[in-house]
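Heads up, the thing below is written out as structure tokens.
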Amino acid sequence: MTCKSTFRMAAAGIAIECATFSPLPAELSDFDILRGDALLSRYPFAATHPDIDFAPIMQAHAVPGGVLRRSVYDALKAEILAELRAGGPWDGVYLDMHGAMSVDGLEDAEADFIGAVRDLVGPAPLISASYDLHGNLSAAIMNQLDLITAYRTAPHEDALATRARALDLLIHCLRAGIRPEKAFIPIPLLLSGERAMTIVEPGRSVYAKIEDLTDGEAVLDASLLVGFTWADQARSQASAVALGMDTAATWAAARVLAAAYWEARHQFGFCVPTGNTDECIKMALASTASTVFLSDSGDNVTGGAAGDVPYVLERLLAHRVPKTLYAGLTDTAAVDTCFAAGTGARLSLSLGGKLDPVHGRPLSVYGAVMQLHESKASGRQVIFRVDRVDVILNERRLAFTTLAQFSDLGIDPLSYRIVCLKLGYLFPDFQRIAPEAIMALSPGAINAQPETLPFHKIQRPMFPFDRDFNWSP
608 MTCKSTFRMA AAGIAIECAT FSPLPAELSD FDILRGDALL SRYPFAATHP DIDFAPIMQA
668 HAVPGGVLRR SVYDALKAEI LAELRAGGPW DGVYLDMHGA MSVDGLEDAE ADFIGAVRDL
728 VGPAPLISAS YDLHGNLSAA IMNQLDLITA YRTAPHEDAL ATRARALDLL IHCLRAGIRP
788 EKAFIPIPLL LSGERAMTIV EPGRSVYAKI EDLTDGEAVL DASLLVGFTW ADQARSQASA
848 VALGMDTAAT WAAARVLAAA YWEARHQFGF CVPTGNTDEC IKMALASTAS TVFLSDSGDN
908 VTGGAAGDVP YVLERLLAHR VPKTLYAGLT DTAAVDTCFA AGTGARLSLS LGGKLDPVHG
968 RPLSVYGAVM QLHESKASGR QVIFRVDRVD VILNERRLAF TTLAQFSDLG IDPLSYRIVC
1028 LKLGYLFPDF QRIAPEAIMA LSPGAINAQP ETLPFHKIQR PMFPFDRDFN WSP
């Protein structure tokens, strides 16, 4: 047991999910950057530990996108390292990450970043990280970390709890003067998030094992990462991790998780009806539900897509759908035109196909400007009505993941017959209210059936790309 009365701890991180299949590079403007005391809002639990001298440095969190520009990554990394160098020495470092960052010219960006932090602070301080369960781990990453814990819910509802757990693990180990055993088992399995949800079986039962496997001592913590499937990299795969003071128990826990996930691999599937776009629109029109939520999964902004492929909008208009909400389309030029024209103006617009011309082409429409809106959180937005479809136009890439985003626009989604969202699985707010949900396997960078994409770097064999092979942890 250590005798120190106060421990100096830094908190920093770069968190972004990067789809290598997206043609849209991730930019500095995609990041929300918090520094110093402003960063404390992410860690309200830190104040409950009087023996911790907690120093929030900088955390950069971005909307998912394509590959991150090297110059942006280098600048963010350099700032964090400079602050760590100036503020040291440290007893511990907490890294607030996502785990699926791809940087131009780097094969394993998190390993580069975490390795640089380790080189700077030295071998003695403990380094703890929190990850999204869609993060991709590697031996290089695990060699630099002392502690890691990941989300346990998809759709995600435990981001704050995971950050708290990562910090609690770090504080516990500092106080006890321990450096736990790490068990890391890569699993040759890479499913899209839409097939590996924790709110339905078999994901619910697999993730339920984590609590039974951890006792806070022999096994301090365990995580199952399903990985991020839209990154064509050697580290892209699922993984099981356990931390503990008992070597045998720690490795046994990781093996149980890995085996449970592997054995259930054939049972994972889409938990809502799917089909091509026209099939799904016909399903929605035939439904007796008052409102049908339709996912435009190929252009899923939360997976890194551009959010400006208008294909599903084109098909909705072709089917002459009844009152429909399309949320939304990224098109700065169209927003500029609507703001210049004003509310009530009737206009011809060319929508979309500007950020991702690979998967989409511009759609010519004629309609009316129904509403103009501007906020710090969402930027400028327009509700543009085309026939019976209300199209939300955004000046910057934006994923609709909460009901608050609609209430800010004065919109009740349940007043529409169809609500089309550029998502894969529905986020919790919509899961709770949707009378019915359907997912269109639509064109875009985030194909919900990744085994159809041109992967070149992932390790093989890999399920479901390969099916006829055996594996055990």
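Using this note's numbering, the letters of the sequence shown correspond one by one to residues 608 to 1080. Just so it is clear, CB atoms sit at the ideal spot from N, CA and C, and this is done for glycine as well.
- For the segment 911 to 966, the continuous beta strand (DSSP E) assignments of 3+ residues that do not extend past its boundaries occur at 931 to 937 and 953 to 958, in sequence order.
- In the three-state reduction of the DSSP assignment, E714 falls in the coil class.
- In this structure, the beta-carbon distance from S737 to M708 does not fall below 8 Å.
- Listed in chain order, the beta strand (DSSP E) elements of length 3 or more contained wholly in the segment 1021 to 1075 are 1025 to 1028 and 1043 to 1047.
- A Cβ-Cβ contact shorter than 8 Å links A912 with A1052.
- By alpha-carbon distance to A617, the top candidate from L675, L733, D726 and A861 is L733.
- In the three-state scheme derived from DSSP, where H, G and I count as helix and E and B as strand, T895 is classed as coil.
- The count of Cβ pairs closer than 8 Å, one atom from the segment 865 to 882 and one from the segment 1012 to 1026, stays below three, leaving the stretches out of contact.
- By a beta-carbon distance limit of 8 Å, I817 does not contact Y868. Their separation comes to about 11 Å.
- Just so you know, the alpha carbons of H779 and A693 end up roughly 26 Å apart.
- Sequence-distant Cβ neighbours of L688 in its own chain, meaning closer than 8 Å and more than five residues away, are A723, V724 and L727.
- The alpha helix (DSSP H) runs lying completely inside the segment 738 to 792 and spanning 4 residues or more are 746 to 751 and 766 to 783, given in chain order.
- Taking L798 as reference, the option from E808, S812 and G834 with the minimal CA-CA separation is G834.
- At the C-beta level, L832 and G742 come within 8 Å of one another.
- Each of P632, A653, L767 and A667 was checked against the Cα of R615, and the nearest Cα belongs to A653.
- In the same chain as E1043, and ignoring 5 residues on each side of it, the C-beta atoms closer than 6 Å to its own belong to S894, A896 and V899, in chain order.
- H980 carries a strand assignment under DSSP once its states are collapsed to helix, strand and coil.
- Take R987, set aside five residues on each side of it, and the residues of its chain with a beta-carbon closer than 6 Å to its own are V942, E981 and E1002, in chain order.
- Here L631 carries a coil assignment [DSSP, helix/strand/coil].
- Taking C-beta atoms as the reference points, I990 and L1030 fail to come closer than 8 Å.
- Sequence-distant partners of F720 (beyond 5 residues in either direction) whose C-beta falls short of 7 Å from its own C-beta, in its chain, are I621 and K684.
- The straight-line gap separating the alpha-carbon atoms of A1041 and Y1032 is approximately 12 Å.
- For the 8 Å CB-CB criterion, P632 and R676 form a contact.
- Shown here for F1062: same chain residues with a beta carbon closer than 6 Å to its own, the five before and five after excluded, namely D839 in chain order.
- For D681, the enclosing alpha helix (DSSP H) has its first and last residue at R677 to G694.
- The beta-carbon separation of S971 and S985, rounded to 26 Å, does not stay under the 8 Å limit for a contact.
- Here L864 is not near T857, since their CB atoms are 8 Å or more apart.
- In the three-state DSSP reduction, A662 falls in the strand class (E or B).
- CA-CA distance, W1078 to E788, rounds to 24 Å.
- Between the C-alpha atoms of D853 and A859 there is a straight-line separation of about 10 Å.
- Between the beta-carbon of A866 and that of V848 there is about 14 Å, and that puts the pair past the 8 Å contact cut.
- For the set L781, Q666 and S745, the Cα lying nearest the Cα of E690 is the one of Q666.
- For R772, the closest alpha carbon among the candidates A829, A761, Q751 and G914 is that of A829.
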